[in-house]
Amino acid sequence: MTSEFDSYRLYYHSAPQYSWQSRLYLYNNGAYVGCVFFMKEGVSIPANTEASGKPRLNFPASKFEEIMNMLRHEKPLYITLVPTNGIGTISTSSEPIGEEED
26 MTSEFDSYRL
36 YYHSAPQYSW
46 QSRLYLYNNG
56 AYVGCVFFMK
66 EGVSIPANTE
76 ASGKPRLNFP
86 ASKFEEIMNM
96 LRHEKPLYIT
106 LVPTNGIGTI
116 STSSEPIGEE
126 ED
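All residue numbers for the sequence shown refer to our numbering, where the first residue is 26 and numbers rise by one.
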């Protein structure tokens with residue numbers, strides 16, 4: 026399952042009871058298409074899952090800046106989950122080498 030997204034909402038948590046430090050909810054034209062959880066350092070990364078037909082991807086907190094940089098500077102963007110093997114991605118479309126985006 027793959028969905029394009031064009032906006033996001035970020036939650037950065039200060040809550041010891043949660044195993045994640047931040048969550049990204051992803052939207053396309055205002056409709057929810059999936060989410061990304063960034064797990065606290067030292068916490069095992071759970072398997073990627075499908076919830077109500079939408080991907081929920083899990084990354085270590087150390088990947089937060091890389092993914093946020095991608096959201097700030099790339100488009101179009103896609104979230105993908107392969108339910109049969111649990112592989113999830115945040116990706117771009119094919120882009121020319123050396124392309125500079127605003």
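The C-beta atom is built at its ideal place from N, Cα and C for all residues, glycine as well.
- P121 sits exposed, since fewer than 16 C-beta atoms from the chains shown fall within 10 Å of its C-beta.
- Between N94 and L82, the C-beta spacing is not below 9 angstroms.
- The continuous stretches of alpha helix (DSSP H) do not include M26, and DSSP gives it neither H nor E.
- S32 is the residue among G59, P80, S32 whose C-alpha sits nearest the C-alpha of H98.
- In this structure, T105 and G113 form a Cβ contact; the two beta carbons are roughly 6 angstroms apart against a cut-off of 8 angstroms.
- For Y36, the CB contacts under 7 angstroms within the same chain, skipping 5 residues up- and downstream, are S47, R48 in chain order.
- Here DSSP, grouped into helix, strand and coil, assigns S32 to strand.
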